[in-house]
Amino acid sequence: MGMKDKAQQARQQAQDKMQGAKQQAKQRGQQGRENIQQKGQQGQQQAQQKGQQGRQQAQESLDDLDDLQ
Numbered sequence: 001m002g003m004k005d006k007a008q009q010a011r012q013q014a015q016d017k018m019q020g021a022k023q024q025a026k027q028r029g030q031q032g033r034e035n036i037q038q039k040g041q042q043g044q045q046q047a048q049q050k051g052q053q054g055r056q057q058a059q060e061s062l063d064d065l066d067d068l069q
């Protein structure tokens with residue numbers, strides 16, 4: 001194998017490594033975005049549940065007041 005071939009091979013390996021690193025970075029970024037979306041959705045669901053609980057309690061309080069009158 002001549003020097004030219006070795007240089008060619010080394011360049012190819014370096015490119016492959018870069019490609020692999022880019023791919024990994026892309027996947028990590030994607031995972032990060034998905035995690036953020038999931039957390040956001042969980043937060044929304046919790047807020048909705050709390051809102052419903054609050055409304056139910058308010059309704060029950062009003063019903064109690066009606067009973068008293």
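Okay, so the sequence shown: first residue is 1 according to full-length UniProt numbering, each after it adds one. For every residue, glycine included, the Cβ atom is placed at its ideal position computed from N, Cα and C.
When secondary structure is reduced to three states using DSSP, Q27 falls in the helix class. Judged by DSSP in its simplified three-state form, Q46 adopts helix. G20 and K26 have their C-alpha atoms some 10 Å from each other. R11 and R28 have their C-alpha atoms spaced approximately 26 Å apart.
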